[in-house]
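Student:
There are 2 protein chains.
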Amino acid sequence: MTSATNDQQVTTVQELLFDKRTEANDISLKAMLNADPVLIDVVPALDALPGMTRRTILTSGAPLPWSAYEGGQRRAILGAALFEGLADSFEEADARLTDGDILVRPCHDFGCVGSVTGVTSASMPVLVVEDKVSGSRGHCVLYEGGARERLTYGVWNEAVHRQLVWIKDVLGPILSAALRYGGGVRVSPIIRRALGMGDDLHSRNTAATAVLFQQLYGPILDAEGSSGAAREVLDFLSRNDLFFLHVAMATGKSIADAAVGTPHSSIVTAMALNEREFAIRTAGTGKRWFRAPIPPLRAKYFDGITAEDTAFMGGESLITETVGLGGLSAAAAFSLQDYSGGSAESMVETTLAMYGITHTEHPQWRIPSLAFRGAPFGIDAARVASTSVTPRIHMGAALRGGGHAGAGLLIAPVEPFLEALEALDAQAATAP
Amino acid sequence: MTSATNDQQVTTVQELLFDKRTEANDISLKAMLNADPVLIDVVPALDALPGMTRRTILTSGAPLPWSAYEGGQRRAILGAALFEGLADSFEEADARLTDGDILVRPCHDFGCVGSVTGVTSASMPVLVVEDKVSGSRGHCVLYEGGARERLTYGVWNEAVHRQLVWIKDVLGPILSAALRYGGGVRVSPIIRRALGMGDDLHSRNTAATAVLFQQLYGPILDAEGSSGAAREVLDFLSRNDLFFLHVAMATGKSIADAAVGTPHSSIVTAMALNEREFAIRTAGTGKRWFRAPIPPLRAKYFDGITAEDTAFMGGESLITETVGLGGLSAAAAFSLQDYSGGSAESMVETTLAMYGITHTEHPQWRIPSLAFRGAPFGIDAARVASTSVTPRIHMGAALRGGGHAGAGLLIAPVEPFLEALEALDAQAATAP
Chain R
436 MTSATNDQQV TTVQELLFDK RTEANDISLK AMLNADPVLI DVVPALDALP
486 GMTRRTILTS GAPLPWSAYE GGQRRAILGA ALFEGLADSF EEADARLTDG
536 DILVRPCHDF GCVGSVTGVT SASMPVLVVE DKVSGSRGHC VLYEGGARER
586 LTYGVWNEAV HRQLVWIKDV LGPILSAALR YGGGVRVSPI IRRALGMGDD
636 LHSRNTAATA VLFQQLYGPI LDAEGSSGAA REVLDFLSRN DLFFLHVAMA
686 TGKSIADAAV GTPHSSIVTA MALNEREFAI RTAGTGKRWF RAPIPPLRAK
736 YFDGITAEDT AFMGGESLIT ETVGLGGLSA AAAFSLQDYS GGSAESMVET
786 TLAMYGITHT EHPQWRIPSL AFRGAPFGID AARVASTSVT PRIHMGAALR
836 GGGHAGAGLL IAPVEPFLEA LEALDAQAAT AP
Chain L
436 MTSATNDQQV TTVQELLFDK RTEANDISLK AMLNADPVLI DVVPALDALP
486 GMTRRTILTS GAPLPWSAYE GGQRRAILGA ALFEGLADSF EEADARLTDG
536 DILVRPCHDF GCVGSVTGVT SASMPVLVVE DKVSGSRGHC VLYEGGARER
586 LTYGVWNEAV HRQLVWIKDV LGPILSAALR YGGGVRVSPI IRRALGMGDD
636 LHSRNTAATA VLFQQLYGPI LDAEGSSGAA REVLDFLSRN DLFFLHVAMA
686 TGKSIADAAV GTPHSSIVTA MALNEREFAI RTAGTGKRWF RAPIPPLRAK
736 YFDGITAEDT AFMGGESLIT ETVGLGGLSA AAAFSLQDYS GGSAESMVET
786 TLAMYGITHT EHPQWRIPSL AFRGAPFGID AARVASTSVT PRIHMGAALR
836 GGGHAGAGLL IAPVEPFLEA LEALDAQAAT AP
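Top to bottom, those sequences are chains R and L.
436 is the number of the first residue of the first sequence in this note's numbering; add one for each residue after it.
436 is the number of the first residue of the second sequence in this note's numbering; add one for each residue after it.
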């Protein structure tokens, strides 16, 4: 019977695809799990990022034409142009951006990830995290500080400018000196400790920042003595509980990039937002973005702020979820319950659901509330597609007019995962 | 009917007692909850503790005759005598202790609490925590460091001696200078933060120590610059995750002492061990100890150590449970599950059981896994007596021959609580 034979053949092809994908996922996961990320330096983006130029401004998410950036992400890009002296006014900057004289490019194509608007320009210092095994490097600008108004959150004004100058002239160089003097800081053990201390490493980095401070104060004093500038840097590190977030992000990028370009692998290597879209990449589909509109954020806002006051303006801190942290490790961070599901129980359910769409459990990063089970690691687009369970993401919320508004839980849309899987299937069917 | 009338009279007397006790407990609890403990200084015990002399050695627990100290607590007392230059050998020290020429006294009678053996002698620096509301002060020697062999754990040798000299000559004076320079450190907010970061503040103080470090490095640099000695102190504080335990202990003492001497109050103000006995005090019975043999510790030991290798040698870190921390807040510290019941679930059960024997919930110290419910606070001997549920205590384990052996869970014996209640009833019956 012909139809039975056809069915059998189809099954066989699917089985072959499945075997090929399983093998590919094992390879990409192995690269990610073997990673030994070390924070080695803090360097101006121009020097750190291959392909970076003085006229390039990096921003979060899958790329859009310049004219499509309309809100906070647009303001932040214009602000960065002024910060770099590429224009003297928003109008001039807009004209040069329209002409293509100033280039807007996605962070992810430059070994970089961005926080919210993600704006990264030539003179901004970036954290350099190197995976000592694969050699892949991840980068991220420094945390801008606790003020609600930051370039990160789509604000450009004199106070923002002054803070960026201080970061460029004081914070960056002193951290660079300390890291070079001290030989760098291994990041994975800090993440391990912080998961045992209530951090998810995305919306909460309080413990990781404190542990990093215990490791960095010595090299800072060794490299700089207790000068006024060194004390300013120590003060900044000791007061900003989210400082480590950007270290975790650069680390996530260095880990995820170890898997990029594994043919047939359905492991997710990037999740990112621009103002309009949620988008992903997989190990097997390289630099191609799979996009969908962003669903609403389930957020808790600061006093007096409502959902109507807020807007998406990009974000790539989702790289922490990409490597098993953030919403995937919600059950490690019950202090965040008001921002993530409402209760400790719901956070446990969140993490348990994530085991259903990930490929393995991290051998070192463990969650005490789940009997030290390893963090769900390696989001598999194929499992997302077959279960329709999508990644749960912890993230910050931004005010429409610029500024930090709160934090919440984003449930990723399923479409990009389905499309990525179609692309992988098509590739596999035609590949040798 | 006479018997009915008698019954009625008895009931009325019990009701009166109950009202009197409830009112007294409200008073003692209010004093404890109002406390605003501040770490204000580090001072030699001789200067800090009223009644202290050069020939006095304080130790943990209800007092025993000198001849009854036979194990680690005896060795530590002899070691302290040598440390103070009161004798040149254990034999000479023993003779002077036997003659009463050197005095052994309970820490708790001197506003002090001791860790394990609890040995505190004149020249040892003690942390001074003052409750800014009641003015009561609690004291505790400084954490001795991470070496398994310490005077705290019943070891006296050259390395222990050297470390105690460094603590006396370097650590104590520099911390004193920093605290005086910086105006002291409010302790309650640190405890609040640490409970949200996986500490129970007894067996685990990792987060509290890191947060304290973020607050102390600045005053240390201000007071001492980045001299070699200041760097040694910073290094010590950044590496010893249990440093804060002794701050928590001095804090617990300052809080509990705010309630001492409230007539008729059945709130527990001290729990302490000597080598042989578990003992308690209540607010209404003042300095009287109610004692019972120590039940076995349910411990997890370091590699290669078994229960047979261990012995009790005192301990007053139980003051943390006395103020709602440690085992009472087990549900805050799932990282300790291997040392406390075996699972996160059992730790939740432990804390839930503790609500049944405590008078209230702490308004600031909250437990994320229990929907931010306040820590069970104010152990009520009357509730222990009526339920037979006794305090669950997290504590360290000691090697018989001296040294740190592991940690575990101690379930307090019920007898001291029953006896304390009898004494309170007897007092109440005769009091006006």
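Ideal Cβ placement from N, Cα and C applies to all residues, glycine included.
DSSP puts Cys547 of chain L in a beta bridge; with which residues?
Tutor: According to DSSP, which records beta bridges pairwise, Cys547 of chain L is partnered with L:His574.
Student: If I follow the unbroken alpha helix (DSSP H) through Val783 of chain R, where does it start and stop?
Tutor: It spans 779-790 - the alpha helix (DSSP H) in which Val783 of chain R sits, taken as one unbroken run.
Student: Measuring only the C-alpha atoms, how far is Glu565 of chain R from Leu760 of chain R?
Tutor: Cα to Cα, the separation comes out at about 19 Å.
Student: Which same chain residues, not among the five before or five after Pro498 of chain L, have their C-beta less than 6 Å away from its C-beta?
Tutor: Counting only Cβ-Cβ distances below 6 Å, and skipping sequence neighbours, we find Pro541.
Student: Tell me where the beta strand (DSSP E) around Gln382 of chain R begins and ends.
Tutor: Nothing about residue 382 of chain R can be read from this structure; chain R reaches only from 436 to 867.
Student: Kindly confirm or deny that the stretch 700-713 of chain R and the stretch 810-823 of chain R touch, where touching means at least three C-beta pairs closer than 8 Å.
Tutor: Yes, the stretch 700-713 of chain R touches the stretch 810-823 of chain R.
Student: Could you tell me whether the Cβ of Val646 of chain R comes closer than 8 Å to any Cβ of chain L?
Tutor: So, interface residue.
Student: So, helix, strand or coil for Ala642 of chain L, using DSSP?
Tutor: Helix, per DSSP.
Student: Does any residue of chain L have a CB that is nearer than 8 Å to the CB of Ala779 of chain R?
Tutor: Yes - at least one Cβ of chain L is within 8 Å of the one on Ala779 of chain R.
Student: Please identify the residue among R:Ala863, R:Ile828, R:Asp860 whose C-alpha is closest to the C-alpha of Pro848 of chain R.
Tutor: With distances taken between Cα atoms, Pro848 of chain R lies closest to R:Ile828.
Student: Determine the chain R residues that contact Thr533 of chain L at a beta-carbon separation under 9 Å, and present them in chain order.
Tutor: Within chain R, no residue comes near Thr533 of chain L; the closest Cβ sits about 47 Å away, beyond 9 Å.
Student: What is the DSSP secondary structure of Phe678 of chain L, counted as helix, strand or coil?
Tutor: Here Phe678 of chain L sits in helix by DSSP.
Student: Across which residues does DSSP place Glu743 of chain R in a beta bridge pair?
Tutor: BP columns for Glu743 of chain R are empty, so no partner.
Student: Using three-state DSSP, classify Gly506 of chain L as helix, strand or coil.
Tutor: Gly506 of chain L falls in the coil class under three-state DSSP.
Student: Can you list, in chain order, the residues of its chain with a C-beta nearer than 7 Å to that of Phe840 of chain L? Leave out the 5 residues immediately preceding and following it.
Tutor: The displayed chain sequence assigns Ala, not Phe, to residue 840 of chain L. The answer, listed in chain order, is Tyr736, Phe737, Ile740, Asp744, Thr745, Ala832, Ala833, Leu834.
Student: How should Gly791 of chain L be labelled, buried or exposed, when 16 other C-beta atoms within 10 angstroms of its C-beta is the threshold for buried?
Tutor: By the 10 Å Cβ count, Gly791 of chain L comes out exposed.
Student: Excluding sequence positions up to five away, which residues of its chain have a Cβ less than 8 Å from the Cβ of Gln862 of chain R?
Tutor: Closer than 8 Å at the Cβ level, and outside the excluded window around Gln862 of chain R, lie Pro698, His699, Gly719, Thr720.
Student: Could you please give the first and the last residue of the uninterrupted beta strand (DSSP E) stretch that includes Gly809 of chain L?
Tutor: Here the beta strand (DSSP E) through Gly809 of chain L covers 808-814.
Student: Which ranges does the alpha helix (DSSP H) cover as unbroken runs of at least 4 residues, wholly within the stretch 609-639 of chain R, from first to last along the chain?
Tutor: Counting only runs of 4 or more, we get 623-630.
Student: In chain order, what residues of the same chain lie with their CB nearer than 8 Å to the CB of Thr644 of chain R, ignoring the 5 residues before and after it?
Tutor: Cβ within range, chain order: Leu672, Asn675, Asp676, Leu677, Phe678, Phe679.
Student: Any Cβ of chain R within less than 8 Å of the Cβ of Gln598 of chain L?
Tutor: Taking Cβ atoms only, chain R never reaches closer than 8 Å to Gln598 of chain L, which makes this a no.
Student: Note down the Cα distance separating Ile954 of chain L from Val646 of chain L, rounded to an integer number of angstroms.
Tutor: Chain L is shown only over 436 to 867; residue 954 of chain L falls outside these bounds and no answer can be derived.
Student: Hey, does Gln649 of chain R have any beta-carbon neighbour from chain L nearer than 8 Å?
Tutor: Closer than 8 Å: yes.
Student: Thinking just about the alpha-carbon of each residue, which of L:Ala734, L:Leu732, L:Arg733, L:Arg711 is nearest to the one in Arg726 of chain L?
Tutor: Of the listed residues, the one whose Cα sits closest to Arg726 of chain L is L:Arg711.
Student: Here's the rule I'm using: 16 or more other beta-carbon atoms within 10 Å means buried, otherwise exposed. How should Asp670 of chain R be labelled?
Tutor: Asp670 of chain R comes out exposed.
Student: Using a C-beta cutoff of 8 Å, does Met789 of chain R count as contacting chain L?
Tutor: No, because no Cβ of chain L sits closer than 8 Å to the Cβ of Met789 of chain R.
Student: I'd like to know if Pro803 of chain L contacts chain R, where contact means its C-beta is closer than 8 Å to some C-beta of that chain.
Tutor: Interface residue, yes.
Student: According to DSSP, is Ser556 of chain R helix, strand or coil?
Tutor: DSSP places Ser556 of chain R in strand when its eight states are reduced to three.
Student: In the DSSP assignment, what residue or residues form a beta bridge with Phe725 of chain L?
Tutor: DSSP lists L:Ile715 as partners of Phe725 of chain L.
Student: Using the three-state DSSP reduction, which class does Met830 of chain L fall into: helix, strand or coil?
Tutor: Three-state result, Met830 of chain L: strand.
Student: Taking the alpha carbon of Ala522 of chain L as the reference point, which residue from L:Val548, L:Thr491, L:Gly506 has its own alpha carbon closest?
Tutor: Closest option to Ala522 of chain L, Cα to Cα, is L:Thr491.
Student: Please classify Asp523 of chain L: does DSSP put it in a helix, a strand, or coil?
Tutor: The answer is coil: DSSP assigns Asp523 of chain L none of H, G, I, E or B.
Student: Taking the CB atoms as reference points, tell me whether Ala642 of chain L and Arg621 of chain L lie closer together than 8 Å.
Tutor: Going by C-beta atoms, Ala642 of chain L is not nearer than 8 Å to Arg621 of chain L.
Student: Straight-line CA distance for Met830 of chain L to Met748 of chain L?
Tutor: If I take the Cα positions, the gap works out to 12 Å.
Student: Going straight from the alpha carbon of Gly589 of chain R to that of Pro730 of chain R, what length do you get?
Tutor: Going from the Cα of Gly589 of chain R to the Cα of Pro730 of chain R covers about 20 Å.
Student: List the DSSP bridge partners of Leu853 of chain L.
Tutor: According to DSSP, which records beta bridges pairwise, Leu853 of chain L is partnered with nothing at all.
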